[in-house]
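In my numbering, the protein residues as written are 2 to 544. Glycine included, C-beta positions come from ideal geometry on N, C-alpha and C. Source: prediction; values computed, not measured.
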Amino acid sequence: MGVETSSAWQALQLHSDSGMGSVHLSKLFQDASRQENYSLELSDVYVDFSKNRITQETLQLLIDLAEQQKLPKEIHRLMTGEHVNDTEDRAALHTALRALGKDVSGYAEVVQPEVEQVLQEMAVLTEKIRSGHWRGYSGKPITDVVNIGVGGSDLGPLMITHSLQTISSPINLHFISSIDGTQTSNLLRGLKQETTLFILASKSFTTIDTLSNAETAMDWLKECIKDEHIMFSQHFIGVSTKPDKMTEWGIPPDNQLLFWDWVGGRYSLWSSIGFPIALKIGMDGFRELLQGAHEMDQHFATADLQKNIPVILALIDIWNINFLNIHDKAILPYDARLRYLPAYLEQLVMESNGKSVARSGEAVPYKTCPVLWGEVGPNAQHAFYQLLHQGTQAVMCDFIAPVERDDFDADSHTERDESLRHQHELALANCFAQSRVLMLGDDAIPQALKASFDSPFKHYSGNQPSNTILIRTISAKTLGMLIAMYEHKTFVESVVWEINPFDQWGVELGKLIAKETYSAIKDKPLADSFDSSTKGLIDRVAK
Ligand code: F6P
2 MGVETSSAWQ ALQLHSDSGM GSVHLSKLFQ DASRQENYSL ELSDVYVDFS
52 KNRITQETLQ LLIDLAEQQK LPKEIHRLMT GEHVNDTEDR AALHTALRAL
102 GKDVSGYAEV VQPEVEQVLQ EMAVLTEKIR SGHWRGYSGK PITDVVNIGV
152 GGSDLGPLMI THSLQTISSP INLHFISSID GTQTSNLLRG LKQETTLFIL
202 ASKSFTTIDT LSNAETAMDW LKECIKDEHI MFSQHFIGVS TKPDKMTEWG
252 IPPDNQLLFW DWVGGRYSLW SSIGFPIALK IGMDGFRELL QGAHEMDQHF
302 ATADLQKNIP VILALIDIWN INFLNIHDKA ILPYDARLRY LPAYLEQLVM
352 ESNGKSVARS GEAVPYKTCP VLWGEVGPNA QHAFYQLLHQ GTQAVMCDFI
402 APVERDDFDA DSHTERDESL RHQHELALAN CFAQSRVLML GDDAIPQALK
452 ASFDSPFKHY SGNQPSNTIL IRTISAKTLG MLIAMYEHKT FVESVVWEIN
502 PFDQWGVELG KLIAKETYSA IKDKPLADSF DSSTKGLIDR VAK
């Protein structure tokens with residue numbers, strides 16, 4: 002008997018059945034003060050959740066559900082390092098990585114010295130590389146650093162460094178993740194061995210995607226470097242929880258940055274996996290990122306559930322998914338610097354909560370994680386927004402935008418800066434217009450234009466729920482806050498759904514079968530026992 006039979010769940014079902022399930026947002030907005038009562042703010046982050054089909058009663062029933070699921074206790078267990086990842090019997094202590102020695106207790110406090118130790122090791126390497134003291138085999142300083150990693154060992158650093166692209170850096174950063182080799186071969190064509198350093202980032206140091214790209218990088222270096230010791234010590238840094246495996250691969254201990262098994266891959270950008278971020282923005286900038294996340298952690302740990310941003314956002318999604326039957330979610334940033342945020346959140350959210358078995362081992366009879374995807378909003382407007390406005394699929398949306406652009410001088414009034422300012426205002430106007438039309442539908446059509454929209458093909462039903470998340474500007478601090486907010490939101494959802502968000506058994510079988518399939522491509526008779534489709538595809542490749 003799971004959460005779906007509980008009194009709090011049943012009360013929400015009744016609330017939906019008896020009217021809220023069919024209410025239109027335009028009706029709820031007859032209350033002129035709605036936004037004031039359905040928004041929350043924490044320093045540089047402002048969240049408007051008014052465009053959801055909720056009332057104060059809905060919120061109260063959702064809070065009852067969270068309390069019934071003992072959410073405050075679960076938050077405490079998470080942040081003190083109890084073994085919340087029960088199928089792997091370990092903690093999920095990403096919050097301890099960004100506490101910087103403050104406000105921690107339990108095992109989170111115990112690990113602080115080793116967390117600080119690794120931060121200091123990162124600082125030494127960062128300074129050496131950024132200052133030009135780290136030299137390649139020919140004695141020249143490093144100009145290009147290539148991070149080779151995949152999933153959590155790629156997406157976080159990629160997303161953050163891309164978001165902070167306007168910060169100038171002495172190092173050109175590149176990312177390689179995909180197993181097929183295309184990224185590697187394209188990238189290496191434009192780089193020089195003598196000035197290129199590779200970071201091999203892999204929690205397990207067994208991921209074939211990363212190791213195969215690393216082998217190709219090594220072969221490329223060997224074209225110029227005959228002395229293996231020089232190649233490994235001057236052109237490779239390893240980041241992993243497995244020092245022995247890094248050493249076995251050839252990376253000397255002085256070039257190794259460690260992290261720990263209690264850091265989940267998709268929660269690891271705060272650990273030494275974030276090393277490329279430090280190379281891009283410096284160690285002070287990296288600490289600002291951690292501080293931003295810590296500010297959100299403290300809010301999450303201490304704010305009342307009613308005023309708690311990750312909690313409220315999670316409960317609203319649960320309302321949408323489980324009681325309004327909306328199973329898709331779009332992430333729509335209105336600044337191209339946030340281009341990789343949707344991909345990052347795809348892993349964070351779907352690898353965490355894409356589960357159908359509860360912690361009890363029983364299959365869950367209710368929906369869990371939505372299908373989540375996204376794109377830079379202004380581009381998506383010219384691609385999939387048609388479906389959002391007139392499709393048959395209900396989709397909940399998160400619109401995300403910086404209020405200000407600080408990548409040009411606020412006092413400067415050159416024509417170029419004026420144009421950029423104008424473009425920023427256009428982007429914000431589009432962001433706000435889209436969420437308004439998605440909410441109101443035909444009611445958003447100005448009176449004077451009503452006649453020209455008098456056609457069934459120009460009908461907008463509206464009533465698509467959305468949140469608008471404004472950050473003051475795109476900075477290390479606000480990104481830290483934003484990502485920690487989504488992490489905690491994901492955790493809250495898992496608590497209500499009674500699933501473990503910190504394992505990912507679903508991806509393991511695919512890895513195993515890929516190995517078997519690779520053997521069959523190399524040795525065709527092995528494919529004879531496969532299904533006809535797979536065997537046929539292998540035959541075709543062989544021909
Ligand atoms: O395939 C899934 C996964 O295990 C992710 O959870 C992880 O982020 C990614 O692979 C990379 O793993 P690793 O850092 O161990 O190479």
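Could you pull out every residue in the same chain whose Cβ sits closer than 6 Å to the Cβ of residue i, ignoring the five residues on either side in sequence?
i: ALA9; result: ASP65, LEU66, GLN69
i: LEU189; result: TRP221
i: ALA294; result: ARG99, GLY481, ALA485
i: GLU363; result: none
Look at the alpha carbon of residue i and the alpha carbon of residue j, and state the distance between them as a whole number of angstroms.
i: GLU517; j: ILE484; result: 37 Å
i: MET80; j: ALA97; result: 7 Å
i: MET386; j: ASP443; result: Note that residue 386 corresponds to Tyr in the displayed sequence, not to Met. One C-alpha to the other measures close to 16 Å.
i: GLY481; j: GLN292; result: 7 Å
i: ILE475; j: LEU120; result: 23 Å
i: ILE238; j: LEU258; result: 8 Å
i: GLY375; j: TYR345; result: 10 Å
i: LEU26; j: ASN326; result: 16 Å
i: THR479; j: HIS414; result: 26 Å
i: ALA93; j: PRO343; result: 23 Å
i: ASP228; j: THR217; result: 17 Å
i: HIS300; j: LEU316; result: 16 Å
i: PRO371; j: THR208; result: 27 Å
i: LEU62; j: LYS74; result: 19 Å
i: GLY283; j: ILE130; result: 10 Å
i: ASP18; j: ALA445; result: 27 Å
i: LYS544; j: LYS512; result: 25 Å
i: ALA33; j: LYS356; result: 40 Å
i: GLY191; j: MET397; result: 42 Å
i: ASP418; j: LYS281; result: 25 Å
i: PHE324; j: MET21; result: 9 Å
i: LYS204; j: GLU110; result: 22 Å
i: GLY153; j: LEU527; result: 33 Å
i: HIS134; j: PRO142; result: 7 Å
If distances are taken between C-alpha atoms only, which option among the options comes closest to residue i?
i: VAL48; options: VAL350, ARG288, VAL404; result: VAL404
i: TYR487; options: LYS544, ASP532, LEU373; result: LEU373
i: GLY3; options: PHE492, TRP263, SER164, ALA359; result: ALA359
i: VAL496; options: GLU110, LEU421, ALA344, ILE319; result: ILE319
i: ASN256; options: ASP262, ILE278, ALA445, MET232; result: MET232
i: ASN309; options: GLN14, LEU60, ASP443, ASP18; result: LEU60
i: ARG340; options: GLN391, LEU29, ALA402, GLY140; result: ALA402
i: MET440; options: LYS478, GLN391, ASP408; result: GLN391
i: ALA428; options: GLU509, ASN321, GLY378, LEU389; result: GLY378
i: HIS328; options: VAL350, ILE470, SER357, THR369; result: THR369
i: VAL147; options: GLY153, LYS74, LYS129, GLN194; result: GLN194
i: HIS489; options: GLN382, TYR335, PHE409, LEU314; result: LEU314
i: PHE276; options: VAL240, ASN431, LEU527; result: VAL240
i: VAL85; options: VAL542, ASP504, GLN465; result: ASP504
i: PHE273; options: GLY507, LEU72, GLU117, VAL46; result: Residue 273 is actually Ser in this sequence, not Phe. Of the listed residues, the one whose Cα sits closest to SER273 is GLU117.
i: THR162; options: TRP498, PHE409, LEU471, GLY286; result: GLY286
i: MET219; options: GLN435, VAL508, HIS236; result: HIS236
i: ASP336; options: ARG406, LEU306, GLY182; result: ARG406
i: SER436; options: GLU426, ASN468, HIS425; result: ASN468
i: GLY463; options: ALA381, PHE30, GLN14, GLU5; result: PHE30
i: SER169; options: ARG267, ILE278, VAL112, LEU198; result: ILE278
i: GLU352; options: GLY265, PHE324, GLN382, LEU290; result: GLY265
i: HIS425; options: PRO334, ARG288, GLY140; result: PRO334
i: PRO244; options: PRO366, ALA202, PHE531; result: ALA202
i: LEU389; options: VAL105, SER420, HIS460, TYR367; result: HIS460
Apart from the five residues just before and just after residue i, which ones in its own chain have a Cβ nearer than 7 Å to its Cβ?
i: SER51; result: ARG35, GLN36, TYR39, SER40
i: GLN166; result: ARG338
i: ARG91; result: HIS84, ASP262, TRP263
Take residue i and list the residues in its own chain whose beta-carbon comes closer than 8 Å to its own, dropping the five residues that flank it on each side.
i: ASP210; result: VAL151, SER178, SER179, ILE180
i: GLU42; result: VAL48
i: SER182; result: This sequence places Gly at residue 182; Ser is not what is there. Within the same chain, GLY182 has close Cβ partners SER213, ASN214, THR217.
Runs of 4 residues minimum, wholly inside the segment 85 to 158: which ones carry the alpha helix (DSSP H) assignment?
95 to 98, 108 to 111, 113 to 131
Uninterrupted alpha helix (DSSP H) stretches inside the segment 504 to 540 (no shorter than 4 residues):
509 to 523
Along the chain, which unbroken stretches of the beta strand (DSSP E) at least 3 residues long are found entirely within the segment 27 to 58?
40 to 43, 46 to 49
In chain order, which continuous runs of the alpha helix (DSSP H) of length 4 or greater are located wholly inside the segment 175 to 209?
183 to 190
Alpha helix (DSSP H) runs contained entirely in the segment 386 to 420, provided each spans 4 or more residues
386 to 391
Kindly provide the ranges of any alpha helix (DSSP H) runs that are 4 or more residues long and lie completely inside the segment 414 to 502, ordered along the chain.
416 to 441, 477 to 498
Beta strand (DSSP E) runs wholly inside the segment 302 to 376, at least 3 long, in chain order
329 to 334, 372 to 375
Unbroken beta strand (DSSP E) runs of length 3 or more, entirely within the segment 256 to 309: which are they?
257 to 259
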